[in-house]
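S.K.: Once you've had a glance at the structure underneath, I'll fire off some questions.
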C-alpha cells in the first residue's frame, strides 16, 4: 500500500489483511502450489495455507511495509491466525529473498535436506553421519520443520540412507534415529518398503538392545494415529517382536518402556480417517497369542523404583483389560497387588497416579475384581489420590471413574466408599473442577450408584443429593431425570 507521495504506508497491526486464500502475483515461471491443503494434518474445522503463502506474506511485510524480519513474521502470524488459519505446520521464519534470476531461496531445513540427499546420492558413507545428525537435529526442533521436509521428499532420502547404512551398525542406528525424528507426527510417510526394513531389522538384530530400541521407536511413531500402518505391522509379526523385546531386554528401562508404549499404541482407535479399527482384536492378540499380561507384569518386577517404566506398564495393562477374563488374569498374575503398591509408593508422582487409577478403573470392570480391589485397600488409596491431587483434573476424573466402577452393581462396596470418605472426595473434586465435564459426569454416576442402594442407607442418599444440589444451586432428583 502506498500513500499519495508514493511512500510506503505501514499497515496498522489491527487492520484486516487480504484473504490468505486469494493469490498474490507471482514471478513468471514460479511453481503453482495448492493454497488450501486438504491432506495436511489439521485441527478440526481449521483452515490451512501453504508454506509459500506464508513466506509471501512475510516478504510483503518486509518489502512493502518496511518491517524488520522479526516484526514481519509476527505480523504475518497475527494476520493468518485472526482469520482462523492453523499455522502449526508452517515454518515461522524469514526465507531469503529470491535471487536476481527470480529463483526462490529455501528454508534452512530444506538446505540441510539437499545436503543429505547429495551425500546419499554419492554414497558418501564417510560424510553420512554428519549429514544425518544435522538433519535429525532440525527435525526434532519442531513439527513444522519435519513437515516441510516431508513435503519435499525427505522420506525417500532418509530411507535410502538407511539402506546405505545397512552394513554398518553404528551408522544404521543413526539412520534409524533420523527416520524416527522424521516420522514423528507424520506416519503417512512410511511405505511398505520401510515397514519391511524395520521388521527385518527387529527380527535379525533382536539381541542388540540399542538397535531394537531404535527400530521400535520408528514403529511407534509410524503407528500413532495411523490404523493402516498398525494393521500392516501386526500382520507382519510386530506383536511377538515387541513382547520378545521386553523379555530379551528386561533389564533395559528404555526398551521395556518403549516396547510397552508400542504395544499400547497397537490397541488405539485414534485414526479419524478410519470408521472401524482393529484395536480390540489387537488387544486380544497381545494377550492370547503373545502372553502379554504376564510379560508386562513380570517386567514390572525389575523396575519397582522406576516410576516412568511402571507408569507405562500400567497404561498398557489398562488398554489390555478388554475382556472379563483378562481382568481376572491380571489379578491372578499379581498385577493388582503391583498396582496398589505402586499407587501407595508413588502418590507424589501425578503421572504415575493417573495411569494406575486408569488401570484400576479398567480391571474393575470385572465384578470379582471389584471385591479384590476393595479387599486390598484400593478404595482408601483412590480417595487419598483424589484428595492429594485435587488440583489435577485428570487424576480427579480417573479417581472418580474408578470409584464409580467399584460401586457399580456392588452395594456393599458403596458402603466402604462412603465410610472411607469417597463421596466427600468426589464432591470436592466436582467443586474444584466445575468446568470439567468428565469429573462432573463421574460424580453423578457415583451418586447414582449410591442412590441405587439408598434403602439400606437413606442418610447417604440424602447427603449426596443435598451436596450436589448445593454445588449446582438446583435440585436434582435421585434418578437424575
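Residue numbers (UniProt numbering): 1 to 481.
Quick reminder that beta carbons are idealized off the backbone N, C-alpha and C, glycines included.
Since this is a predicted model, take the numbers as computed values, not measurements.
Work out the CA separation of residue 296 and residue 317 for me, nearest whole Å.
M.R.: By 1-based counting over the chain shown, the position of residue 317 is 317. By 1-based counting over the chain shown, the position of residue 296 is 296. Going from the Cα of residue 317 to the Cα of residue 296 covers about 7 angstroms.
S.K.: Using CA coordinates, which residue listed in 204, 339, 294 and 438 is at the minimum distance from residue 398?
M.R.: Counting from one through the chain shown, the residue named residue 398 turns up at place 398. When each option's Cα is compared against that of residue 398, the closest is 438.
S.K.: Whole angstroms are fine: how far does the CA of residue 115 sit from the CA of residue 96?
M.R.: Start at 1 with the first residue of the chain shown, and residue 96 comes out as number 96. Start at 1 with the first residue of the chain shown, and residue 115 comes out as number 115. Those two C-alpha atoms are separated by around 18 angstroms.
S.K.: As an exercise, report each continuous alpha helix (DSSP H) stretch of at least 4 residues that is fully enclosed by the segment 111–199, in chain order.
M.R.: Those alpha helix (DSSP H) runs which fall completely within the segment 111–199 and span 4+ residues are 128–141, 143–150, 154–164 and 169–183.
S.K.: From what residue to what residue does the alpha helix (DSSP H) around residue 366 run?
M.R.: On the chain shown, position 366 is the one that residue 366 refers to. Here residue 366 belongs to no alpha helix (DSSP H), and DSSP marks it neither H nor E.
S.K.: Does the distance from the CB of residue 374 to the CB of residue 416 come in under 8 angstroms?
M.R.: To locate residue 374, count along the chain shown from 1; it is residue 374. To locate residue 416, count along the chain shown from 1; it is residue 416. Yes, they are a contact pair.
S.K.: Can you give me the start and stop residues for the alpha helix (DSSP H) that residue 275 sits inside?
M.R.: Within the chain shown, residue 275 is the residue found at index 275, counting from 1. Careful: residue 275 lies outside any alpha helix (DSSP H) and carries neither H nor E.
S.K.: Across which residues does DSSP place residue 47 in a beta bridge pair?
M.R.: By one-based count along the chain shown, residue 47 stands at place 47. In the DSSP output, where bridge partners are listed per residue, residue 47 has 85.
S.K.: Taking all protein chains shown into account, do 16 or more other C-beta atoms lie within 10 angstroms of the C-beta of residue 320, making it buried, or fewer, making it exposed?
M.R.: For the purposes of this step, residue 320 is taken as the residue at position 320 of the chain shown. That one is buried.
S.K.: Answer yes or no: do residue 201 and residue 249 have a C-beta to C-beta separation smaller than 8 angstroms?
M.R.: Walking along the chain shown from the start, residue 201 turns up at place 201. Walking along the chain shown from the start, residue 249 turns up at place 249. The answer is no: Cβ separation not under 8 angstroms.
S.K.: Sorted by chain position, which residues of the same chain lie with C-beta nearer than 6 angstroms to residue 314's C-beta, five sequence neighbours on each side aside?
M.R.: Here residue 314 refers to the residue found at position 314 when the chain shown is read from its first residue. Once the five neighbours on either side are set aside, the close Cβ partners of residue 314 are 355, 356 and 359.
S.K.: Is the beta carbon of residue 182 sitting closer than 8 angstroms to the one on residue 155?
M.R.: Taking the first residue of the chain shown as 1, we reach residue 182 at position 182. Taking the first residue of the chain shown as 1, we reach residue 155 at position 155. It is a contact, given that the beta carbons lie within the stated cut-off.
S.K.: Could you name the residues of the same chain whose beta carbon sits closer than 7 angstroms to that of residue 409, not counting the 5 residues immediately before and after it, in chain order?
M.R.: Working through the chain shown from its first residue, we reach residue 409 at position 409. Excluding sequence neighbours, residue 409 sits near 367.
S.K.: Roughly how many whole angstroms lie between the Cα atoms of residue 254 and residue 264?
M.R.: To locate residue 254, count along the chain shown from 1; it is residue 254. To locate residue 264, count along the chain shown from 1; it is residue 264. Spanning the two alpha carbons is a distance of roughly 15 angstroms.
S.K.: Using 10 angstroms around the beta-carbon of residue 169, count the other beta-carbons present and answer buried if the total reaches 16, otherwise exposed.
M.R.: Taking the first residue of the chain shown as position 1, residue 169 is located at position 169. Residue 169 is exposed by the Cβ-count criterion.
S.K.: Cα separation between residue 342 and residue 349?
M.R.: Taking the first residue of the chain shown as position 1, residue 342 is located at position 342. Taking the first residue of the chain shown as position 1, residue 349 is located at position 349. Between residue 342 and residue 349, the C-alpha separation is close to 10 angstroms.
S.K.: Taking contact to mean at least 3 C-beta pairs separated by less than 8 angstroms, is the segment 330–344 in contact with the segment 386–398?
M.R.: Taking 8 angstroms as the limit for Cβ pairs, the verdict is that the segment 386–398 does not touch the segment 330–344.
S.K.: Alpha carbon to alpha carbon, what distance is there between residue 133 and residue 242?
M.R.: Counting from 1 along the chain shown, the entry for residue 242 is found at position 242. Counting from 1 along the chain shown, the entry for residue 133 is found at position 133. Going by the C-alpha atoms only, they are around 27 angstroms apart.
S.K.: Can you grab the Cα-Cα spacing for the pair residue 159 / residue 194, in whole Å?
M.R.: Your numbering for residue 159 matches position 159 in the chain shown. Your numbering for residue 194 matches position 194 in the chain shown. Approximately 7 angstroms, taken between the alpha carbons.
S.K.: Identify, in the order they occur along the chain, each residue of the same chain with its Cβ nearer than 7 angstroms to the Cβ of residue 378, setting aside the five sequence neighbours on each side.
M.R.: One-based indexing of the chain shown puts residue 378 at position 378. Around residue 378: 340 and 360.
S.K.: Would you say residue 111 and residue 51 are within 8 angstroms of each other, going by their C-beta atoms?
M.R.: Looking up residue 111 in the chain shown gives position 111. Looking up residue 51 in the chain shown gives position 51. Taking 8 angstroms as the Cβ cut-off, residue 111 and residue 51 do not qualify as a contacting pair.
S.K.: Write down the C-beta distance between residue 214 and residue 173 rounded to the nearest angstrom, noting that I regard them as a contact closer than 8 angstroms.
M.R.: For this step, residue 214 is matched to residue 214 along the chain shown. For this step, residue 173 is matched to residue 173 along the chain shown. So it is a contact: roughly 5 angstroms between Cβ atoms.
S.K.: If you drop the 5 nearest sequence neighbours on each side, which residues of the same chain put their C-beta closer than 7 angstroms to that of residue 62?
M.R.: To locate residue 62, count along the chain shown from 1; it is residue 62. 69 and 72, listed in sequence order.
S.K.: Grab me the residues of residue 220's own chain with a C-beta within less than 7 angstroms of its C-beta, minus the 5 sequence neighbours each way, in chain order.
M.R.: Sequence index remark: in the chain shown, residue 220 carries index 220 (1-based). Within the same chain, residue 220 has close Cβ partners 258, 261, 262 and 265.
S.K.: Under three-state DSSP, which class holds residue 233?
M.R.: Here residue 233 refers to the residue found at position 233 of the chain shown. Helix, per DSSP.
S.K.: Could you name each continuous beta strand (DSSP E) segment of 3 residues or more that falls completely within the segment 333–420, going from the start of the chain to the end?
M.R.: Complete beta strand (DSSP E) runs here, min 3: none at all.
S.K.: Cutting at 6 angstroms between CB atoms, please list the residues of its own chain near residue 143, excluding the five before and the five after it.
M.R.: Reading the chain shown from its first residue, position 143 is the one you call residue 143. 185.
S.K.: I need the straight-line Cα distance from residue 383 to residue 131, nearest angstrom please.
M.R.: As a first step, residue 383 is located in the chain shown; it is residue number 383 there, counting from the start. As a first step, residue 131 is located in the chain shown; it is residue number 131 there, counting from the start. Going from the Cα of residue 383 to the Cα of residue 131 covers about 53 angstroms.
S.K.: Select from 239, 380, 333 and 393 the residue whose C-alpha is nearest the C-alpha of residue 406.
M.R.: In the chain shown, the residue the question calls residue 406 occupies position 406. The option with the nearest alpha carbon to residue 406 is 380.
S.K.: Using a Cβ-Cβ cut-off of 6 angstroms (strictly less than) and excluding sequence neighbours within five positions of residue 140, which residues of its own chain qualify?
M.R.: Looking up residue 140 in the chain shown gives position 140. Within the same chain, residue 140 has close Cβ partners 181.
S.K.: Are the beta-carbon atoms of residue 121 and residue 107 separated by less than 8 angstroms?
M.R.: Mapped onto the chain shown, residue 121 falls at position 121. Mapped onto the chain shown, residue 107 falls at position 107. No.
S.K.: What are the boundary residues of the alpha helix (DSSP H) that residue 430 is part of?
M.R.: For the purposes of this step, residue 430 is taken as residue 430 along the chain shown, with counting starting at 1. Residues 422–432.
S.K.: By the 10 Å Cβ neighbour count, where 16 or more other Cβ atoms means buried, how is residue 370 classified, buried or exposed?
M.R.: Within the chain shown, the letter at position 370 stands for residue 370. So residue 370 counts as buried.
S.K.: Where does residue 272 land, buried or exposed, given buried means 16+ other C-beta within 10 angstroms?
M.R.: Position 272 of the chain shown, counting from 1, holds the residue named residue 272. The residue is exposed, with fewer than 16 neighbouring Cβ atoms inside 10 Å.
S.K.: What separation, rounded to the nearest whole angstrom, lies between the Cα atoms of residue 504 and residue 435?
M.R.: Absent from the model: residue 504. The displayed extent of the chain is 1 to 481, so no value can be given.
S.K.: Given this structure, state the Cα-to-Cα distance separating residue 209 from residue 217, to the nearest angstrom.
M.R.: Here residue 209 refers to the residue found at position 209 of the chain shown. Here residue 217 refers to the residue found at position 217 of the chain shown. Cα to Cα, the separation comes out at about 12 angstroms.
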